Every structure is written in structure tokens, then in C-alpha cells.
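Let me begin by presenting the structure, written as C-alpha cells, before commenting on it.
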Amino acid sequence: MRTVIIGGGSLDMDVAEALIDEDDDTTIIAADRGLDYCRLLHIKPFMAIGDFDSVSKSTRDLLDSFEQDEVKVVRLNPVKDDSDLEAALNYVLCNTIQGDIYLLGATGSRLDHVLGNLSLLALAARHDRHCYMVDRTNRIRMIRAGETVLIKKNKQYGKYVSLLPVFGKCEGVRATGVYYPLDNAVIGDGKSYFTLTISNEITSSIASFSVATGSLILIESKD
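Start counting the sequence shown at 12; every next residue gets the next number (my numbering).
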């Protein structure tokens, strides 16, 4: 079982369809304008959540019919402390206990939203859940202290792998099976190069990434 949350950022329809279709046991939740995408994809979500201030009129007209069609609709006050996407993620974390979580429509031209959504990976990690932000050129996840992430070369999402210490200093960083290996490295301490761990490449059949203290953002990307 896994959950796909569709937000209101940029969304590649082909990527969304492929991700949703690859697992039949997928629960779909639309966060605010993500409901527009569900309509365009001809998908009936399990739930729609948000203040719905940014959805199109055509989609807004569907909300009442959705409620009658056994779609759970949660209407939020537009004056609130969290984003619609965070509210959707919190619903998943509070109402399910297992399964990976994928965030679609979580990137785009609004960098404030993108950076805020990166912090949602940390929120999921606090609940011991794996969470991924996915768009046409990136698959993004978090590596927590003591965790090891393995990526098979034939399953990687694009050509490049980058590690970013966006939440502060990371110690004991290791990367093996890559062009630029790391062994017990310290990054994000203000002393090493800030872009040291950008655009690595997997050279072995399996690459391994881990961190002893701190939390890393791992980005698989393609041009």
C-alpha cells in the first residue's frame, strides 16, 4: 500500500500517470489545486483537502458531487498556519501506519513552496515513513541519521545523484559505488565546499548512501 498526494505545483501528466499506474494498491489524495489535476487525469481521489481557493471553477463545481460520490472532502479555513499539502500529509501520517508516500505537484516556480515542501520530508521521517517528492526531472527523499539508502543503477531516476545538508551539518557521510565516493565526510559545516556533493554519478550496480548524524536530502535528477 502507498499514498500519492497531488499538490498544486507543476505536474507532468505523463509522470503522474506512470507513477499512479505502477501500483494498483495506491490511495490518491488531492491537496487543493491538485484536484484540478485529478480532474484532468480523470482520477477520482480517495480524499480532497484544502481551502480550494486556487482551484478552477469547473473543479469547484465538482466538490459537491464528489461528496455524494463517497469522496472524503475536507474543507480548510484559508487563514491557517500550514499549507494544504502539509495538511494532506498530516492526514496520511495520522491515519495510516505504513506504506511509502509520494508527493506530486510539490515543485515548480514558487521556490518558497519548494523549500517548504522539502521540510515535509522531515515531517514524514519523524513518523518513520519514507516520503518522495517526484517531478519530471527529480526524485527527492531524505536520509536520516543511521539510515542507509541503496539505489540500483538500473532503477535510478536519471543520471545524477546529489546530497544536500539543507537542515544543518551532517557528519559521517558515506557514498559508495559512485564516481566521487565519500568516506566519513562532514558537509554543511561552513568549512567544506557547499556544492561538494552535487551531481555525483552511480558507477556500480548498486550505490549506497548514509549519514551518521544529521539529515541529508538525496536528489536523483536528469536533464
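For glycine and all other residues, C-beta sits at the position ideal for the given N, C-alpha and C.
Bear in mind that the values here come from a model prediction, so they are computed numbers and not experimental data.
Asked                                                                                                             : Found
Rounded distance between the beta-carbons of ILE60 and ILE40, thought under 8 Å                                   : 7 Å
Closest residue to SER232 among ALA99, ASP194, LEU30 and ARG147 (Cα-Cα distance)                                  : ARG147
THR208 versus LEU229, SER219, GLY188 and ALA223, residue with shortest Cα-Cα distance                             : LEU229
Close-in-space but distant-in-sequence residues of the same chain around ASP95 (CB under 6 Å, 5 per side omitted) : ALA42, ASP43 and GLY61
Which of helix, strand or coil DSSP assigns to PHE57                                                              : coil
At least 3 beta-carbon pairs within less than 8 Å: the stretch 73-82 vs the stretch 142-157                       : no
Among GLY119, LEU100 and THR118, nearest to ASP111 - alpha-carbon criterion                                       : LEU100
Limits of the unbroken alpha helix (DSSP H) element including ASP62                                               : Run containing ASP62: none; DSSP gives neither H nor E here.
Alpha-carbon spacing of ILE198 relative to ALA135, whole angstroms                                                : 23 Å
Buried versus exposed call for ASN88 [16 or more other C-beta atoms within 10 Å across all chains shown]          : exposed
Where the alpha helix (DSSP H) containing ASP95 begins and where it ends                                          : 95-106
As assigned by DSSP and simplified to three states, the class of TYR171                                           : strand
Secondary structure of SER226, DSSP reduced to three states                                                       : coil
Reduced DSSP secondary structure (H/G/I, E/B, other) of VAL177                                                    : coil
Range covered by the beta strand (DSSP E) that runs through LEU52                                                 : From DSSP, LEU52 is part of no beta strand (DSSP E); its letter is neither H nor E.
Rounded straight-line distance, which links the Cα of VAL66 to that of ASP36                                      : 27 Å
Cutoff 7 Å; reference GLY188; Cβ partners in own chain excluding five residues on either side                     : ILE213, THR214, SER215, ILE217, ALA218 and SER219
Rounded separation between PHE205 and VAL26 - CA only                                                             : 31 Å
Within 7 Å, strictly: CB atoms of GLU97 and LEU126                                                                : no
Alpha-carbon spacing of VAL177 relative to GLN79, whole angstroms                                                 : 43 Å
ILE162 versus SER221, CYS181 and ASN106, residue with shortest Cα-Cα distance                                     : SER221
Beta-carbon proximity list for LYS164, same chain, < 6 Å, skipping 5 on both sides                                : ILE213 and SER216
Extent of the continuous beta strand (DSSP E) to which ILE39 belongs                                              : 37-42
Counterpart residues of THR159 in DSSP-defined beta bridges                                                       : SER221
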